[in-house]
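The structure appears below as structure tokens.
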Amino acid sequence: MEMTLEEFQKTLASKSPTPGGGTASAVALGQSAALIAMVSNLTIGNEKWKDGWQASESALEIANKVMDDAATLATEDSNAFDKVMDAFKLPKDSDEEKQFRRNEIRNSTLYAAEIPYKTANLSLSILEQMKDLSLHANANAISDVGVAALLATAACKGALFNVEINLNSLPEDYGVSMRENLSTINEKCRELSKVIMHNVKTRL
């Protein structure tokens with residue numbers, strides 16, 4: 003999915019079901035990671051912020067990977083929902099066709115839950131890096147850490163909404179491990195965001 007920002011926003015605003023909130027969450031995650039990469043680069047090599055070099059080097063490594071992964075997930079999220087829509091269009095005249103259609107709907111819906119689940123977990127990984135970064139990174143860019151944390155938090159919670167809406171349309175024996183971990187991921191996101199926001203506000 004190669005678009006300019008303007009093209010993406012116009013497509014997002016259209017009546018087309020894709021891209022939607024899952025893709026927007028992945029895009030937000032990518033922007034969060036980009037900001038963290040910027041803050042890290044502004045810290046590394048600057049003697050004034052030497053105490054933040056180690057945290058910045060760690061954050062930069064994760065941020066670069068998350069940027070790439072988030073871009074992939076943004077595309078995969080839209081593709082996954084398109085597959086769900088295609089499954090609903092399958093013929094359902096015979097019993098065999100009905101069974102095949104049902105299985106395709108369920109399997110594609112499960113996959114459509116797995117993509118934002120990855121987005122949510124990646125969001126946690128970048129938020130984890132912000133704990134130390136928010137304490138020791140270049141203070142001139144501390145507001146950027148705050149924005150990155152807000153974006154990653156929105157990405158995580160937005161992705162979880164998309165996991166839930168897909169899982170809720172499936173039998174309970176589908177996506178069991180995801181169902182069991184949703185509340186834990188949400189709570190970790192809340193706790194990390196709270197710590198980072200406190201650190202950012204202290205250094206503004």
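Add 2 to the 1-based position in the sequence shown for the numbering used here, that's all there is to it.
Where a beta carbon is used, it is the ideal one built from N, C-alpha and C, also for glycine.
Computed from a prediction, not measured in an experiment: that's the story for all the values here.
Separation of residue 143 and residue 130 (C-alpha to C-alpha, rounded to the nearest whole angstrom) is 18 angstroms. Counting only runs of at least 3 residues, the region 135-169 fully encloses no beta strand (DSSP E) element at all.
Here DSSP, grouped into helix, strand and coil, assigns residue 184 to helix. Boundaries cannot be given for residue 177, as no alpha helix (DSSP H) includes it and DSSP labels it neither H nor E. Residue environment for residue 41: buried (at least 16 other C-beta atoms within 10 angstroms of its C-beta). Shown here, residue 118 sits in a helix according to DSSP, grouped into three states. Contact between the region 8-22 and the region 134-150 is absent, with fewer than three C-beta pairs closer than 8 angstroms.
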